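Engineer: Chains as they are written, first to last, in full-length UniProt numbering: chain A, 1 to 401; chain B, 1 to 401.
Ideal Cβ placement from N, Cα and C applies to all residues, glycine included.
Fair warning: this is a prediction, and the values are worked out from it, not measured in the lab.
So that we are looking at the same thing, I have put the structure below in structure tokens.
Protein chains: 2
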Amino acid sequence: MSYQSSVAQDSLAAAQLEMAGNPNALALRRPFDPVAHDLEASFRLTRFADLKGRSCKVPQDVLGKLVESLQQDYSQQDDQFMHVAIPRIGIGLDCSVTPLRHGGLCLVQTTDFFYPLVDDPYMMGKIACANVLSDLYAMGVTECDNMLMLLGVSTKMTEKERDVVIPLIMRGFKDSALEAGTSVTGGQTVINPWCAIGGVATTICQPNEYIVPDNAVMGDVLVLTKPLGTQVAVNAHQWLDQPERWNRIKLVVSEEDVRKAYHRAMDSMSRLNRIAARLMHKYNAHGSTDVTGFGLLGHAQNLASHQKNEVSFVIHNLPVIAKMAAVAKACGNMFQLLQGHAPETSGGLLICLPREQAAAYCKDIEKQEGYQAWIIGIVEKGNRTARIIDKPRVIEVPAKD
Amino acid sequence: MSYQSSVAQDSLAAAQLEMAGNPNALALRRPFDPVAHDLEASFRLTRFADLKGRSCKVPQDVLGKLVESLQQDYSQQDDQFMHVAIPRIGIGLDCSVTPLRHGGLCLVQTTDFFYPLVDDPYMMGKIACANVLSDLYAMGVTECDNMLMLLGVSTKMTEKERDVVIPLIMRGFKDSALEAGTSVTGGQTVINPWCAIGGVATTICQPNEYIVPDNAVMGDVLVLTKPLGTQVAVNAHQWLDQPERWNRIKLVVSEEDVRKAYHRAMDSMSRLNRIAARLMHKYNAHGSTDVTGFGLLGHAQNLASHQKNEVSFVIHNLPVIAKMAAVAKACGNMFQLLQGHAPETSGGLLICLPREQAAAYCKDIEKQEGYQAWIIGIVEKGNRTARIIDKPRVIEVPAKD
Chain A
1 MSYQSSVAQD SLAAAQLEMA GNPNALALRR PFDPVAHDLE ASFRLTRFAD
51 LKGRSCKVPQ DVLGKLVESL QQDYSQQDDQ FMHVAIPRIG IGLDCSVTPL
101 RHGGLCLVQT TDFFYPLVDD PYMMGKIACA NVLSDLYAMG VTECDNMLML
151 LGVSTKMTEK ERDVVIPLIM RGFKDSALEA GTSVTGGQTV INPWCAIGGV
201 ATTICQPNEY IVPDNAVMGD VLVLTKPLGT QVAVNAHQWL DQPERWNRIK
251 LVVSEEDVRK AYHRAMDSMS RLNRIAARLM HKYNAHGSTD VTGFGLLGHA
301 QNLASHQKNE VSFVIHNLPV IAKMAAVAKA CGNMFQLLQG HAPETSGGLL
351 ICLPREQAAA YCKDIEKQEG YQAWIIGIVE KGNRTARIID KPRVIEVPAK
401 D
Chain B
1 MSYQSSVAQD SLAAAQLEMA GNPNALALRR PFDPVAHDLE ASFRLTRFAD
51 LKGRSCKVPQ DVLGKLVESL QQDYSQQDDQ FMHVAIPRIG IGLDCSVTPL
101 RHGGLCLVQT TDFFYPLVDD PYMMGKIACA NVLSDLYAMG VTECDNMLML
151 LGVSTKMTEK ERDVVIPLIM RGFKDSALEA GTSVTGGQTV INPWCAIGGV
201 ATTICQPNEY IVPDNAVMGD VLVLTKPLGT QVAVNAHQWL DQPERWNRIK
251 LVVSEEDVRK AYHRAMDSMS RLNRIAARLM HKYNAHGSTD VTGFGLLGHA
301 QNLASHQKNE VSFVIHNLPV IAKMAAVAKA CGNMFQLLQG HAPETSGGLL
351 ICLPREQAAA YCKDIEKQEG YQAWIIGIVE KGNRTARIID KPRVIEVPAK
401 D
């Protein structure tokens with residue numbers, strides 16, 4: 001095809017420059033600088049949408065209402081689904097699981113898309129990809145067979161901005177897919193008022209490759225593999241440019257704190273939950289979900305509601321990116337971070353593990369990844385609900401050096 | 001789950017009412033009446049986006065430029081792909097085809113989403129589903145193993161509008177999936193300025209279940225299975241409410257003509273290309289694509305560019321929904337319908353067939369579906385391009401009675 005263009009070539013060259021010739025050497029990569037791409041210094045990707053990241057989710061209760069008609073139908077008609085895979089739209093299990101015509105194989109699939117929440121287009125692509133894959137990992141699936149990419153190009157972008165930003169997003173998405181051992185073979189790009197990024201992840205596997213997340217038992221403990229507070233961090237970072245907002249939080253946090261938290265959040269959101277998923281098999285996990293748009297408690301409640309046994313989840317500890325709990329408090333109840341309702345993007349896995357395995361799980365993941373995981377709660381007898389105790393302990397999670 | 005709501009129940013009841021208790025009896029279904037759902041009489045679904053249907057596609061040349069970086073990489077690195085399945089994002093083949101770890105099977109996948117172009121939410125859902133599936137059918141794949149639904153709920157909808165419209169869209173999508181012998185097991189719903197609808201279709205199949213669309217030979221003929229002009233029809237219909245627009249076309253078309261064309265377009269867009277795909281195997285098709293956002297010529301050119309043999313496509317006949325060619329002419333060059341550039345949504349398949357099989361193909365599809373297909377052009381020696389002759393014959397396709 002003959003769609004050559006020197007503009008696209010230039011942005012590609014710039015992208016390669018930023019990656020210092022090694023797409024996987026993230027540490028070596030220089031942060032996105034709009035001026036280096038001939039864009040205005042004030043260019044901010046996050047201004048191309050009014051909502052950020054997974055906070056664009058339709059509220060959990062509204063969504064439940066909207067998809068009700070579909071769910072009723074399925075439960076009456078579709079007996080080809082295993083007991084586990086009650087199909088749900090956007091709520092319920094993280095992936096759909098469909099038995100195939102071909103001997104014993106299952107199709108495990110998920111889709112997700114959302115809006116920019118960091119200003120670095122390459123990182124935004126990586127985060128979007130990690131976020132889509134995370135739904136597979138939450139089911140203990142570690143191999144992805146194929147990915148599709150979904151892109152909305154903002155009507156408000158100039159041609160120049162588009163030609164710089166979109167290839168960088170695509171490249172970030174693709175590099176993350178390569179890191180996950182898969183590749184992007186197609187997708188869809190449309191024009192939309194807001195810039196939007198997402199994808200589809202698909203695996204065909206044997207039933208023993210995924211873990212049905214309904215097997216929590218009394219005495220299990222809950223492990224979380226990434227800190228909370230990504231949404232608070234990306235907002236606080238945006239407020240550095242907005243004096244009236246910044247004034248609300250500057251008494252509790254320094255500019256340097258916010259920058260560190262922002263980078264910790266980017267680092268965390270772009271990290272794959274793949275090793276976390278692999279270790280679920282090794283340490284006999286009883287179920288897991290990933291923490292995204294509905295916040296820690298929303299996802300915990302959803303996981304609890306799917307349990308076979310009469311259990312409930314009680315959360316005692318909240319690992320939060322350093323200083324972000326203080327920022328959230330200074331903003332009144334806006335984020336609901338300590339109440340467990342702050343949306344996260346590409347958050348960690350929340351895993352039910354046998355009590356005697358949990359410490360070993362956390363040790364192993366830290367050894368393999370260099371990132372901590374935390375025991376944050378317990379599974380007790382109950383009516384399939386989840387709650388955070390009155391005064392949870394906040395664990396301040398520092399930025400990595 | 002306890003997301004019961006009397007509002008959602010009411011809209012469901014209304015939906016069932018409209019379908020006269022039989023979701024497949026489309027003919028019995030009353031058209032969508034906003035007032036019957038307690039919405040304003042002036043409610044129009046198409047007002048929740050500034051672009052319509054597949055015209056939201058990023059222009060073909062721009063997209064080519066944007067995805068270039070990805071394509072370069074794949075052609076260098078990914079040798080696990082068959083010669084056919086050069087992965088492309090949004091352009092190129094209609095589906096991605098990925099060989100699987102499991103003996104001899106392939107993953108065939110596609111995704112698409114766009115904006116409302118008809119005012120009936122249920123029909124909009126059906127059209128969106130037919131449009132997504134159409135990419136599988138274009139590859140000769142007749143079975144779909146799983147679908148996911150993508151939904152953008154407009155920020156501009158009232159709660160009431162949302163609670164009426166979204167379940168109807170979902171139901172239309174689902175009914176179309178059932179008609180196609182598949183089901184919707186998951187998806188993603190986000191808030192977006194424009195209402196958006198789409199999905200993902202996935203099949204796991206043997207390589208003989210799909211038809212590599214690269215085998216056209218000199219002497220083949222081109223068959224089209226649905227009329228052109230859907231975009232013109234939905235625009236003309238919207239102009240019935242807009243006197244200054246209506247005045248531009250009222251000399252060439254009556255209100256009745258426009259209403260008929262609109263219903264013909266809805267009927268056509270919601271019709272599955274499944275039988276067309278099945279018959280491709282029976283009559284030895286050499287390749288096919290579906291006609292959507294890039295218009296007849298755009299997709300023809302794309303198909304031509306993928307051919308193994310040195311061939312070109314020449315199009316002589318343009319079947320167009322009755323009166324829509326006249327409307328397009330009256331609008332100056334706005335639609336570029338007769339130039340082959342008018343976007344279509346959920347258009348027909350454009351199929352290369354051996355000359356001696358083409359008439360039998362057209363006869364068979366008409367017998368099975370009750371809809372005509374047309375021989376519109378020929379395959380001659382050439383440099384893998386496509387063109388429409390200077391004065392193509394316009395075939396007026398009347399609304400069905």
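(1) Taking the runs of the alpha helix (DSSP H) that are 4 residues or longer, which of them lie wholly in the segment 88-175 of chain B?
(2) Can you tell me the Cα-Cα spacing of Ala41(B) and Val35(B), whole angstroms?
(3) Does DSSP put Gly377(B) in a helix, a strand or coil?
(4) Please tell me whether Ile321(B) and Val232(B) are closer than 9 Å, where the distance is taken between their beta carbons.
(5) From the DSSP output, in three-state form, read off Cys362(B) for me.
(6) One question on the structure: do Pro198(A) and Val132(A) come within less than 9 Å of each other, judged by their Cβ atoms?
(7) Indicate whether the contact test is met: 3 or more Cβ pairs, each with one atom in the segment 246-258 of chain A and one in the segment 208-226 of chain A, closer than 8 Å.
(8) I believe Ser346(A) touches Ser134(A) by the beta-carbon criterion, under 8 Å. Please report the beta-carbon distance rounded to the nearest angstrom.
(9) State the Cα-Cα distance for the pair Val291(B) and Asp290(A), rounded to the nearest angstrom.
(10) Along chain A, which residues have their Cβ under 8 Å away from the Cβ of Phe114(B)?
(11) Taking all protein chains shown into account, decide if Asp257(A) is buried (16 or more other Cβ within 10 angstroms of its Cβ) or exposed.
(12) In the DSSP output, what is Glu344(A) paired with across the bridge?
(13) Indicate whether at least one CB of chain B lies closer than 9 Å to the CB of Thr111(A).
(14) What do you get for Ile365(B), buried or exposed, if any count of 16 or more other CB atoms within 10 angstroms of its CB means buried?
(15) Pairs of beta-carbons, one from the segment 311-326 of chain B and one from the segment 184-200 of chain B, closer than 8 Å: are there three or more?
(16) Looking only at DSSP bridge pairs, what is residue 412(A) linked to?
(17) Taking three-plus beta-carbon pairs below 8 Å as touching, is the segment 144-164 of chain B in contact with the segment 291-310 of chain B?
(18) Just verifying my parser: in three-state terms, what is the DSSP assignment at residue 471(A)?
(19) Quick check: the segment 310-320 of chain B against the segment 367-382 of chain B, are at least 3 beta-carbon pairs closer than 8 Å?
(20) Using DSSP with H/G/I as helix, E/B as strand and the rest coil, what is Arg387(B)?
(21) Taking His37(A) as part of the alpha helix (DSSP H), name the residues at either end of that continuous run.
(22) With C-beta atoms as the reference, is Glu179(B) less than 9 Å away from Arg101(A)?
(23) Where does the unbroken alpha helix (DSSP H) through residue 406(B) begin, and where does it stop?
(24) Can you name the start and end residues of the beta strand (DSSP E) that Val253(B) belongs to?
(25) Thinking C-alpha only, which one of Asp163(B), Met266(B), Phe294(B) and Ala285(B) is nearest Tyr137(B)?
(26) Where does Ile235(B) sit, in a helix, a strand or coil, going by DSSP?
(27) Contact between the segment 120-130 of chain B and the segment 233-240 of chain B: three or more CB pairs below 8 Å?
(28) Would you kindly work out how many angstroms separate the C-alpha atoms of Asp73(A) and Met157(B), rounded to a whole number?
(29) According to DSSP, Leu349(B) sits in a beta bridge with which residue or residues?
(30) Report the neighbours of Asp145(A) on chain B: residues whose CB is nearer than 8 Å to its CB, in chain order.
(31) Give me, in chain order, the residues of the same chain whose beta-carbon lies closer than 8 Å to that of Ile389(B); leave out the 5 immediate sequence neighbours on both sides.
(32) Spell out the partners DSSP gives Gly198(B) in its beta bridges.
(33) Please classify Lys282(B) as buried or exposed, where buried requires at least 16 neighbouring CB atoms within 10 angstroms.
(34) Would you mind working out which of Arg393(A), Gly293(A) and Lys391(A) sits nearest Leu51(A), comparing C-alpha positions?
(35) Could you check where the alpha helix (DSSP H) with Leu279(A) kicks off and where it finishes?
Structural biologist: A quick look at the data gives this:
(1) Segments of the alpha helix (DSSP H) lying fully in the segment 88-175 of chain B: 121-138.
(2) 5 Å
(3) Gly377(B) falls in the strand class under three-state DSSP.
(4) yes
(5) helix
(6) Position check: residue 198(A) holds Gly in this sequence, whereas Pro was assumed. Cβ atoms of Gly198(A) and Val132(A): closer than 9 Å.
(7) The count of Cβ pairs closer than 8 Å, one atom from the segment 246-258 of chain A and one from the segment 208-226 of chain A, stays below three, leaving the stretches out of contact.
(8) 6 Å
(9) 39 Å
(10) Val190
(11) buried
(12) Glu344(A) is not bridged to any residue.
(13) yes
(14) buried
(15) no
(16) Chain A is shown only over 1 to 401; residue 412(A) falls outside these bounds and no answer can be derived.
(17) no
(18) An answer regarding residue 471(A) cannot be provided, because it is not within the stretch 1 to 401 covered by chain A.
(19) With the cut-off at 8 Å, the segment 367-382 of chain B and the segment 310-320 of chain B touch.
(20) strand
(21) That residue, His37(A), is in no alpha helix (DSSP H); it is neither H nor E in DSSP.
(22) no
(23) Here chain B comprises residues numbered 1 to 401, so residue 406(B) is not present and cannot be evaluated.
(24) Neither: Val253(B) is in no beta strand (DSSP E) and is coded neither H nor E.
(25) Ala285(B)
(26) Per the sequence presented here, residue 235(B) reads as Asn, with Ile not at that position. Of the three classes helix, strand and coil, the one that applies to Asn235(B) here is helix, per DSSP.
(27) No, the segment 120-130 of chain B is not in contact with the segment 233-240 of chain B.
(28) Because Asp73(A) sits at a pLDDT of 45, beneath the cut-off of 50, its placement in the model cannot be relied upon, and the point is left open.
(29) For Leu349(B), DSSP records a beta bridge to Asp290(B).
(30) Thr98, Leu100, Arg101 and Leu107
(31) Val314, Ile315 and His316
(32) Phe113(B) and Leu150(B)
(33) exposed
(34) It is Gly293(A).
(35) Judged by DSSP secondary structure, Leu279(A) falls within the alpha helix (DSSP H) whose first and last residues are Arg274 to Lys282.
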